[in-house]
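For the sequence shown, the positions run 165 to 356 when this note's numbering is used. Just so you know, even glycine gets a beta-carbon here, dropped at the ideal spot from N, CA and C. If you're wondering where the values come from, they're calculated on a predicted model, not measured in any experiment. For reference, the structure discussed in these notes is given below.
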Amino acid sequence: MSKNCWRKCVLVCFLAVVSSVFGEDIVATTSNGAAVILHDDGRWEYYQNNSKIRDVRPDAIPEDAKFNVSVLYESVDKVKKDVRMAMEADFATEQEIKDSLRRVPKGGIIYFQVPTHQIKKGMVRTLTYTIFDKGKKPFFTTTLPDTEATPSEDRGVSNLLVVPVYAKPKGKVLKAFVKTKKSSLEIDIPIR
Numbered sequence: 165m166s167k168n169c170w171r172k173c174v175l176v177c178f179l180a181v182v183s184s185v186f187g188e189d190i191v192a193t194t195s196n197g198a199a200v201i202l203h204d205d206g207r208w209e210y211y212q213n214n215s216k217i218r219d220v221r222p223d224a225i226p227e228d229a230k231f232n233v234s235v236l237y238e239s240v241d242k243v244k245k246d247v248r249m250a251m252e253a254d255f256a257t258e259q260e261i262k263d264s265l266r267r268v269p270k271g272g273i274i275y276f277q278v279p280t281h282q283i284k285k286g287m288v289r290t291l292t293y294t295i296f297d298k299g300k301k302p303f304f305t306t307t308l309p310d311t312e313a314t315p316s317e318d319r320g321v322s323n324l325l326v327v328p329v330y331a332k333p334k335g336k337v338l339k340a341f342v343k344t345k346k347s348s349l350e351i352d353i354p355i356r
């Protein structure tokens, strides 16, 4: 094999390896910590100047941008039990206890919660909450800022919103949606 033919063969193999490695754009970090985008054609550029590529690695999301909403559902039986225990501890009469138990929502209570350290006073998030039972029409919707959250009984957790469900749910699962301007979260709430 001649030198010229051998060089062409090596060049073709090199291009095949390069094209398989750079099949799509890759976000990488340089030795000095700068984020860069390696393009499939061999070019590179700083990550901050490119809006076409989104780095979705968990460690690429700034701590201040993370926001983990969870949902806690308390059944009507649990709420009644808690009300009875609290009133008995306050030495309420049986009639007062029965009157209070009549006011307990028939569908229980839904708590939208977040770790308290994720609520930042200077960085207010406005959240829209929507809850569906069976059907396409929601039975509850409201919009509130996260700064209106209140501490829960659990340490380090705040209640963003407490929703009494006044009617018994028709299905075994309620659907909740929490939306911000940039993202949305769908949560299934099992009814026990």
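Residue environment analysis places Tyr293 among the buried positions, since at least 16 neighbouring C-beta atoms fall within 10 angstroms of its C-beta. Remark: three or more beta-carbon pairs, one from each stretch, lie closer than 8 Å, so the segment 269–278 and the segment 232–252 are flagged as touching. Unbroken alpha helix (DSSP H) runs of no fewer than 4 residues, entirely contained in the segment 264–303, are not found. Apart from the 5 residues on each side of it in sequence, Phe296 sits with its Cβ closer than 6 Å to the Cβ of Pro302, Lys339 in its chain, given in chain order. Contact annotation, Pro328 with Ser322: C-beta distance approximately 18 Å; criterion of less than 8 Å not satisfied. As a beta-bridge residue in DSSP terms, Phe341 pairs with Thr294, Glu350. Straight-line measurement puts the Cα of Tyr330 at about 51 Å from the Cα of Ile190. Looking only at Glu317, Leu324, Val243, the smallest Cα-Cα distance to Leu308 is reached by Leu324. Taking the Cα positions, Asp246 is about 19 Å away from Arg319. The continuous alpha helix (DSSP H) containing Ala250 extends over residues 240–253.
Residue pairing by DSSP puts Ala192 in a beta bridge opposite Val200. By DSSP's assignment, Leu325 forms a beta bridge with Phe276.
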